[in-house]
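Chains as they are written, first to last, in this note's numbering: chain P, 1060 to 1305; chain D, 1060 to 1305; chain H, 1060 to 1305; chain E, 1060 to 1305.
Every residue gets a Cβ at the ideal spot worked out from N, C-alpha and C, and that includes glycine.
Owing to the predicted nature of the structure, the values given are computational and were not obtained by experimental measurement.
What follows is a set of notes on a single structure, which appears directly below.
4 protein chains.
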Amino acid sequence: MPPVPVRDLDSDEMSMLEELKATVVEANKLLETSGLVKLTWGNVSAIDRERGVFGIKPSGVPYSQLTPADIVLVDLDGNQVEGSLSPSSDTKTHLELYRAFDKIGGVTHTHSVHATMFAQAGREIPCLGTTHADHFNGPVPVCRALTPEEVAEDYEGNTGKAIVERFAGLDPVAMPAVLQLHHAPFTWGKNAMDSVKNSIALESCAEMALGTFHLQADVAAIPSHLLNKHYERKHGPNAYYGQRKG
Amino acid sequence: MPPVPVRDLDSDEMSMLEELKATVVEANKLLETSGLVKLTWGNVSAIDRERGVFGIKPSGVPYSQLTPADIVLVDLDGNQVEGSLSPSSDTKTHLELYRAFDKIGGVTHTHSVHATMFAQAGREIPCLGTTHADHFNGPVPVCRALTPEEVAEDYEGNTGKAIVERFAGLDPVAMPAVLQLHHAPFTWGKNAMDSVKNSIALESCAEMALGTFHLQADVAAIPSHLLNKHYERKHGPNAYYGQRKG
Amino acid sequence: MPPVPVRDLDSDEMSMLEELKATVVEANKLLETSGLVKLTWGNVSAIDRERGVFGIKPSGVPYSQLTPADIVLVDLDGNQVEGSLSPSSDTKTHLELYRAFDKIGGVTHTHSVHATMFAQAGREIPCLGTTHADHFNGPVPVCRALTPEEVAEDYEGNTGKAIVERFAGLDPVAMPAVLQLHHAPFTWGKNAMDSVKNSIALESCAEMALGTFHLQADVAAIPSHLLNKHYERKHGPNAYYGQRKG
Amino acid sequence: MPPVPVRDLDSDEMSMLEELKATVVEANKLLETSGLVKLTWGNVSAIDRERGVFGIKPSGVPYSQLTPADIVLVDLDGNQVEGSLSPSSDTKTHLELYRAFDKIGGVTHTHSVHATMFAQAGREIPCLGTTHADHFNGPVPVCRALTPEEVAEDYEGNTGKAIVERFAGLDPVAMPAVLQLHHAPFTWGKNAMDSVKNSIALESCAEMALGTFHLQADVAAIPSHLLNKHYERKHGPNAYYGQRKG
C-alpha cells in the first residue's frame, strides 16, 4: 500500500479529516489509560463515510507518543492515501468491517485480558446481567478459526471476512462486538470513541461473567424482557438514558 | 418530569441545598476514583429530609466533568424541582428507597465487578469475616427479579419497590446494601459519602467472599457473637471505632 | 485511656519520639499507596523499646490526612501517654505483640484482600515458592477463633494473646505474620516500615498461592533446603541480599 | 567480586557503557511502573557484547532511586569491573544466560504474580492464543528444581546452568522466557527494554491462560499454522508488524 496523495479534497474536506485524525488519536490513547492494552496490543480507527476514508493507528507506535500527523489514512479499496508510517497490521480487518457494516463509524481491537480469555476458550459471553444488556443485545458471538489456507493467503483480510460471515443474521449495531477464536475481541460503534467504550464494556462484562460462573456454574442468561428493556432504554427509539440532544 | 422552580425556599434553605449538591458531586466523583465504576455506570444521591428534596447525578455525564450546578433536585413526589439536565435513569429507584427508609440520607448505585457477580449469580454474600461484619450486620440479601409486567410498567420504580419488599423484617440501617438479581448492587447510608463507603466495603467483601469460596467451598458464616461484636464496635450505642464527636 | 503527659522525658528523648511518630505516619501512608487497604481498614505502629512507648495510628483518620501530631503514644501498660485523638481500636492487639515478642519494632494490621481470604477460610498459607521463603520461614499460621467469653471480655487484647499462644514454639522474627481466623492478617518487623513490607509480601504470597492452587490443587510446599536457602540469603548471618551496612 | 577498574577502555568505550547503564536504569524503572514487581523483587541487566561487560541493578535498591552511577558492571568471568554497590543477588544467573545465549542483549527477572503461579505449580504456559504467539514461539518451558547440592554449592550460578540445560534443542531467541520451578520467571531479549517487554507479555499471557483454564479446563494449544503466522509477522524475515527501520 504505497502512500499516494488524497484525491480531490478541498480545504474544508481536509479539515474534516484533521478532526477525524484527532479523534483517532484520542481514542487510541484511551485504550492505554483505561487499562485495556499492554505495550502496543490494540488499535482504533474511524471512518469518514462521505469521503470513503478511514484513519487508523500506525503499527507499533506507543500510544503516549501518537499525534494526528501519525494517523494513516486508508480508502475503502485498501489504498494508503495519506501518512508516511505503516498502518496497524490489523488494517485489513478494519477495512472488511467498514465495507460490510455500513452503519458503523469506528472499530477497536484489543487483547483485553478477560475478553481474550473467552476468545481463547472459544466460549461466547452470555448475557448474565444488565451491564451486558446495556451494550450488547444478546450473547457476544465467537467467530470461527481461519483455515490454514485463509491464514496463509490473507490473514488479516480473511479475519474480517470471517467476522462478517459470522454476522449473517445478526445486526452489527445491536451487537457491536465479536470474539475471534484463538485471538481476541473486536468492537465497533458510531465513532472511534464509541467503539472504545464498547471495548471497555466488553472487558467488564467478560470479567463479571467469569466470576459469575465461579459462583454458579450453570447460570442462565437473563430473561429476554429484561435484556430488551435495558438495551432499549439506552439505544432504542425511546431511549431515556443520558441527555437528549437539542 | 419538567423542571419547575423550588417552592418557598428562602436564601438559607438555598444555601443548604448548595451544600447538598456539592456533597453529591464529591461522592459521585469518588465512585470513579475509587475504581467502583467504568464509563458512567453508577450514581449517588443525597436527601435533605427537612425540605423533602434529594439531589442526584444527571444521566450519562462523565464524573470528572460534574459540577454542583449539574446536580438535579427531585422532591419526594418524583418532581424535578431544579436542574436543566435529565436525572439519572435510576432516579425512581432512589426515590422509593428514600420514601420507605426514613433513616437514610444517601443512596449509591454501581456495577462494581465483584458485587455484580453475586447479583448476576443470584447469591447472597454471607458474612465470612469481620470486614463484612464491620459494615453489614448479616448476609447481604438478593432482591427478586421483576415480572415482565413490572419491567414494562415502571422498571426503575418497581425496582425500588422490590427492594423495599425484600427488606420486610430487615433494618436498612444495619443492612445498608442489597443485590438486585440480574442487575447490580444498591447501597445507602447516613449521607452521600457514607453510602459510597458502603459500596466500597461491599465490593471488597464480595471480592474476598469469592476468593474464600475458592479456598473452602463450604465455608460457614462467622459466629454471631463475633458478627455482633464487630458491628457494635463501629455502629452500636457504645461504638469505639473512630473519633468521638464533641 | 485518658491522655497524660509523657513522664520524665528530656528534650533528646522527645526528639527521638518525634522521629518515631514521623516513621509511623510514613508507614501508615504506605498502606494506602501500596493498595493494601481501603477506607481506613489498617494501622501501623512502631515502638521505642528504650522508652517503652509505641506510637500508633489514631482510629478512623484517613491516611492522606495523617501528621506526626496525630500519632497516639501508648506505654506498655496500655496507658495513652500522648495524643489527643483515640488510638486505633486494635491498639491492645499491638500492645500484646510488643509485650510478648521483644525483638519486634513495628506491627501492621490490614484487611488486604488475598491474605484475608485465607484468614476467612481458616487455611494457612503454605510456602509454595521463593517469594514466600524470602520473607516467611515456613507456612504462615492461622490463629484460633476467640471464645464468646474472650470476645465479650477484651476482644482486642485477647486477639493479641491468642496470637502469642499460637506462636508457642515459633520464632516471631523468622515468621513475621499471622492470619487471625474470621478476621485478617497481622505482620510485624524490625520497625514500622519493615512490618508494612511484610504485609506487602504476605498479600502477594497469598495471591500467588490462590492462583497456584487453581493450577495444581494438591501442590506441595517447596523443599526445605530451598526454603532455608532463600530465607538465609536475605535474613541469615551470612545474608548477601541488599547492600551491607558500613 | 571486589570492584576493580574497567580495563583498557578509552573514552568512546566509556561513553558506550554510560549509555548501557542509562538503558539499564530505564528498564529497571519500567519493572515497577508496569506493575511487574513489588518492593525490590526483580532486576534487569544489559550486555555490551563488544566489551564483554554487562550492567545490572544493585541489590535491594528501590527502583525510583536508581541512577546510572548505581549500575554495577560485571564481565563475563563474573568479575565486578565497576560500581561501588553490590550487584543483584541473581547476577550469576544473568551471567550464565549471557554466556550460553550469545544472541541476547538483555535479561529480566521478576516475581510477577501470574507467571510465578505457573512457576510454583510447575506447569508450562501453553500457547492458547495469538498474544502468546506474538512473543513466544511455543509453550513457555519450566526449568527443573536444583538438587540440594546445587543449591548449597552455587545457587544462582546453577540456576542459570539449569536454564541453559533446559534449552537444549530450543532457540532462546524464539523462546525468550523460562519459568524456574518453585521460583519465578526469567525473560530475555535483544536489549534491556526488549527483555522487560517480554516479561510484560509473559505476565499477561499467564493471566489469560489461567482464566482460559477456568472457562475450559482441557483447552488445546492453538494450531501450529496460526502460531507460526503470528510469530513470523512480528519476528520473521518478512515481519510486517511495527515500522520498518531506514
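Is Glu1085 (chain E) close to chain P, meaning its C-beta is less than 9 Å from at least one C-beta of that chain?
Cβ-Cβ to chain P under 9 Å: no for Glu1085 (chain E).
Considering only residues of the same chain and omitting the five flanking positions on each side of Ser1148 (chain P), which have a CB-CB separation below 6 Å?
The residues are Ser1118.
Please say whether Cys1202 (chain H) and Leu1238 (chain H) have beta carbons closer to each other than 9 Å?
Their beta carbons are under 9 Å apart, which means Leu1238 (chain H) touches Cys1202 (chain H) by this criterion.
Starting from Asp1134 (chain D), follow its DSSP beta bridges and name the residues at the other end.
Note: Asp1134 (chain D) sits in a beta bridge opposite D:Val1112.
Are any of the Cβ atoms in chain D nearer than 9 Å to that of His1309 (chain H)?
Residue coverage of chain H in this structure runs from 1060 to 1305, which leaves residue 1309 (chain H) outside it and unanswerable.
Evaluate the contact criterion for the region 1074-1088 of chain E versus the region 1248-1255 of chain E: three or more CB pairs, one atom per stretch, below 8 Å.
Counting Cβ pairs under 8 Å, three or more are found: they touch.
Considering only the beta carbon of each residue, do Pro1207 (chain P) and His1170 (chain E) sit closer than 9 Å?
Against a cut-off of 9 Å, the Cβ pair of His1170 (chain E) and Pro1207 (chain P) comes out as no contact.
Do Thr1167 (chain H) and Ala1268 (chain H) count as a contact pair if the criterion is CB distance below 9 Å?
Not in contact: Ala1268 (chain H) and Thr1167 (chain H) (Cβ atoms no closer than 9 Å).
Put Gly1305 (chain E) into one of helix, strand or coil per three-state DSSP.
With a pLDDT of only 44 at Gly1305 (chain E), under 50, the local geometry of the prediction cannot be trusted, and the value read off the model is given with reservation. Residue state, collapsed to three classes: coil.
Are the region 1176-1185 of chain E and the region 1105-1114 of chain E touching by the rule of at least three beta carbon pairs closer than 8 Å?
The answer is no - the region 1105-1114 of chain E does not touch the region 1176-1185 of chain E, with fewer than three Cβ pairs under 8 Å.
Under 8 Å Cβ-Cβ, which residues of chain H neighbour Arg1182 (chain D)?
By Cβ distance, chain H contributes nothing, its closest Cβ being about 16 Å from Arg1182 (chain D), past 8 Å.
Identify every run of the beta strand (DSSP E) within the region 1136-1168 of chain P, keeping only runs that are complete inside it and at least 3 residues long; order them along the chain.
Correct list: 1139-1141.
Answer with yes or no whether the minimum CB distance from Ala1279 (chain H) to chain D is below 9 Å.
It does not: the Cβ of Ala1279 (chain H) has no partner Cβ on chain D nearer than 9 Å.
Can you give me the start and stop residues for the beta strand (DSSP E) that Pro1244 (chain P) sits inside?
Counting along the chain, the beta strand (DSSP E) containing Pro1244 (chain P) begins and ends at Pro1244 to Gly1248.
Please classify Arg1292 (chain D): is it buried, with 16 or more other beta-carbons within 10 angstroms of its beta-carbon, or exposed?
Answer is buried; the Cβ neighbour count reaches 16.
Would you call the region 1211-1230 of chain H and the region 1141-1156 of chain H in contact, with 3 or more CB pairs under 8 Å?
Touching, per the Cβ criterion.
Would you kindly work out how many angstroms separate the C-alpha atoms of Ala1174 (chain P) and Phe1226 (chain H), rounded to a whole number?
Their backbone Cα atoms lie some 45 Å apart in a straight line.
Using three-state DSSP, classify Ile1106 (chain P) as helix, strand or coil.
Of the three classes helix, strand and coil, the one that applies to Ile1106 (chain P) here is strand, per DSSP.
Apart from the five residues just before and just after Asp1134 (chain E), which ones in its own chain have a Cβ nearer than 7 Å to its Cβ?
Only Gly1111, Val1112 and Val1140 meet the Cβ criterion.
Is the beta carbon of His1273 (chain E) less than 9 Å from the beta carbon of Phe1272 (chain P)?
Taking 9 Å as the Cβ cut-off, His1273 (chain E) and Phe1272 (chain P) qualify as a contacting pair.
So the candidates are P:Ile1184, P:Gln1302, P:Gly1101 and P:Gly1165; which of them puts its Cα closest to the Cα of Arg1108 (chain P)?
If we check each option's Cα against that of Arg1108 (chain P), P:Gly1165 comes out closest.
Excluding sequence positions up to five away, which residues of its chain have a Cβ less than 7 Å from the Cβ of Ser1145 (chain H)?
Contacts found: Pro1117 and Ser1118.
Out of D:Met1073, D:Leu1229 and D:Tyr1122, state which residue places its alpha-carbon closest to the alpha-carbon of Leu1090 (chain D).
Considering only alpha carbons, the answer is D:Tyr1122.
How long is the line joining the alpha carbons of Lys1088 (chain E) and Leu1125 (chain E), rounded to whole angstroms?
The alpha-carbon atoms of Lys1088 (chain E) and Leu1125 (chain E) are separated by roughly 8 Å.
Taking the straight line between their C-alpha atoms, what separation do you get for Val1210 (chain D) and Gln1275 (chain P)?
Cα-Cα distance, rounded: 25 Å.
Taking the straight line between their C-alpha atoms, what separation do you get for Ser1143 (chain D) and Trp1100 (chain D)?
Cα to Cα, the separation comes out at about 21 Å.
With 9 Å set as the bound, which would you pick, yes or no: does the beta-carbon of Gln1124 (chain E) sit closer than that to a beta-carbon of chain H?
Chain H contact via Cβ: absent.
Between Phe1245 (chain P) and chain E, is the shortest Cβ-Cβ distance under 9 Å, so that the two count as touching?
By this cut-off, Phe1245 (chain P) is not an interface position.
Under 9 Å between C-beta atoms, does Gly1176 (chain P) make it to chain D?
The identity of residue 1176 (chain P) in the sequence shown is Met, whereas the question assumes Gly. It does not: the Cβ of Met1176 (chain P) has no partner Cβ on chain D nearer than 9 Å.
How far does the alpha helix (DSSP H) with Gln1179 (chain E) in it reach, from first residue to last?
Note, Gln1179 (chain E): alpha helix (DSSP H), Val1172 to Ala1180.
Report the partner residues of Cys1264 (chain H) according to the DSSP bridge assignment.
In the DSSP output, where bridge partners are listed per residue, Cys1264 (chain H) has none listed.
Of the choices P:Gly1219, P:His1191 and P:Leu1098, whose alpha-carbon is the least far from that of His1242 (chain D)?
Comparing Cα positions, the closest option is P:His1191.
By Cβ distance, which residues of its chain are closer than 6 Å to Pro1064 (chain P), with the 5 residues on each side in sequence left out?
Note that Pro1064 (chain P) has pLDDT 49, beneath the 50 cutoff, so the model's placement of it is unreliable and the number below is only indicative. So no residue of the chain qualifies.
Excluding sequence positions up to five away, which residues of its chain have a Cβ less than 6 Å from the Cβ of Glu1224 (chain P)?
No residues qualify anywhere along the chain.
Give me the subset of the region 1135-1150 of chain P whose CB atoms are less than 7 Å from a CB atom of chain E, sorted by chain position.
Cβ contacts with chain E come from Leu1144, Ser1145 and Ser1148.
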